[in-house]
Amino acid sequence: MARVPLVLIVSEHEWASRSLDSVLAPKGYAVLRAYNGAQAMERASGSNPDAVFIGQQLPDMTGNDLCRKLLIEGQVSKAAPLLVFGTDPATREDRISTLQSGGWDLLSLPLDPEELLLRLERYVAGKVEGDRVVEGGLVDPSTGLYSYEGIVRRVREIGSAASRFHRPMACIVFAREDESPAQSEADRDCASQSLASMMRAATRAYDVLGRIGPLEFVVLAPDTNEEGAGILANRIRAAAGSDPSLRPSIRTGVYAVDDLHEANLDPTEMLIRATMAARCN
3 MARVPLVLIV SEHEWASRSL DSVLAPKGYA VLRAYNGAQA MERASGSNPD AVFIGQQLPD
63 MTGNDLCRKL LIEGQVSKAA PLLVFGTDPA TREDRISTLQ SGGWDLLSLP LDPEELLLRL
123 ERYVAGKVEG DRVVEGGLVD PSTGLYSYEG IVRRVREIGS AASRFHRPMA CIVFAREDES
183 PAQSEADRDC ASQSLASMMR AATRAYDVLG RIGPLEFVVL APDTNEEGAG ILANRIRAAA
243 GSDPSLRPSI RTGVYAVDDL HEANLDPTEM LIRATMAARC N
């Protein structure tokens, strides 16, 4: 089943948001609203909107400034159309300024619903296809978890939000011991898939799971301090201990901070430190 495309509407004017919502929602778009630039940055983080409509003037910044900020801080995909809109007729200078900021177009209200939907359909189709291609290289085919490249991207995304809002974050690495040389490739894959399944069952919906090497797996745990990370690691170890194919070959490395901003640490460094801890245990 195809996923529902998500549109973020950013405007301080309720009537403008409702007007766009009334066109988009009946055509199957999910709509998320924000009323200023700061709120838009927070809501875009992690939601991966397929398109963003941005008011030309917001209470805390201009629409063009928000386009730049969203792209510079990586809160939206570069393939997501950023459509700035205003009530005045758009001049050539206005359009050039919007394009220079990373916006795709400057629209003037009221909009033609039929033209808007036709444009958006093509824009979103390109965005969704781009996501599919990118995700194809970011997922481990054997386990369905994020690959190393995918985890590096996700640790940066989650770490960016944790640092911005002074939140805790934890990284837990599980390493399997080297298998017997006599073990077949099929048996190795089966053991890895078993561990992946146990990790899914023992973690929370918002934890991020990945396979970062042939024998190494990781859990990125947002809003989790060292104590919480220890509890989560023990829960996964207990689940793995019930599987004879994994017992007693699991080593664990944990690295957590109470406030990533105060720790002044690159999020990828957490992944490195947790990995090294698992290898040394």
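Its first residue numbered 3, the sequence shown is counted upward by one per residue in my numbering.
Even for Gly, the Cβ is constructed at its ideal location relative to N, Cα and C.
Beta-carbon gap between residue i and residue j smaller than 8 Å
i	j	result
Glu14	Gly65	no
Val256	Ala276	yes
Ala42	Leu68	yes
Val9	Tyr31	yes
Ile214	Phe176	no
Arg169	Ser251	no
Gly105	Leu118	no
Val210	Tyr150	no
Leu111	Ala242	no
Gly39	Leu60	yes
Distance, residue j Cα to residue i Cα
i	j	result
Leu108	Ile98	9 Å
Pro28	Met171	39 Å
Met3	Ala265	Note that Met3 has pLDDT 40, beneath the 50 cutoff, so the model's placement of it is unreliable and the number below is only indicative. Using only the alpha carbons, I get a separation of about 42 Å.
Gly212	Glu95	46 Å
Arg121	Gly128	11 Å
Met272	Asp142	21 Å
Arg281	Cys173	14 Å
Glu75	Arg156	14 Å
Ser21	Leu101	24 Å
Met200	Glu228	21 Å
His263	Ala198	31 Å
Met278	Ser79	32 Å
Asp268	Arg158	8 Å
Nearest to residue i (by Cα), restricted to the options the options
i	options	result
Ala207	Val221, Ser194, Ser196 and Leu217	Val221
Arg45	Leu211, Arg35 and Asp52	Arg35
Cys192	Asn38, Glu116, Pro216 and Thr205	Pro216
Val6	Val130, Glu159, Arg166 and Phe219	Val130
Ile2	Leu60, Leu73, Ala223 and Ser103	Shown here, the chain extends from 3 to 283; a query on residue 2 therefore has no answer.
Glu116	Thr89, Ser144, Arg134 and Ser24	Ser24
Ser144	Ser49, Ala231, Asp261 and Phe219	Phe219
Leu113	Val126, Asp90 and Arg134	Asp90
Residue interval of the beta strand (DSSP E) (run including residue i)
i	result
Tyr31	Segment: none, Tyr31 is in no beta strand (DSSP E) and carries neither H nor E.
Gly88	Leu84 to Gly88
Glu288	Shown here, the chain extends from 3 to 283; a query on residue 288 therefore has no answer.
Arg253	Ile252 to Val259
Ala53	Ala53 to Gly57
Ile11	Leu8 to Val12
Rounded Cβ spacing between residue i and residue j (contact assumed at less than 8 Å)
i	j	result
Val154	Thr270	6 Å
Ala92	Pro51	In fact, because the Cβ distance is near 23 Å, the residues do not count as touching under 8 Å.
Gly152	Leu140	3 Å
Thr254	Ala235	5 Å
Ala285	Ser47	With the chain running from 3 to 283 in the structure shown, residue 285 is simply not present.
Ser103	Arg70	5 Å
Range covered by the alpha helix (DSSP H) that runs through residue i
i	result
Ala163	Tyr150 to Arg166
Met278	Pro269 to Cys282
Ser229	Here residue 229 turns out to be Glu, not Ser, going by the sequence shown. It spans Glu228 to Gly243 - the alpha helix (DSSP H) in which Glu229 sits, taken as one unbroken run.
Thr100	Arg94 to Gln102
Met43	Gly39 to Ala46
Pro67	A quick correction: the sequence has Asp, not Pro, at residue 67. Unbroken alpha helix (DSSP H) run through Asp67: Gly65 to Ile74.
Arg262	Note on identity: in this sequence residue 262 is Leu, with Arg being the wrong assignment. From DSSP, the alpha helix (DSSP H) with Leu262 extends over Leu262 to Ala265.
Any chain B beta carbon closer than 8 Å to residue i
i	result
Asp142	No chain B appears in the structure shown, which is made up of a single protein chain.
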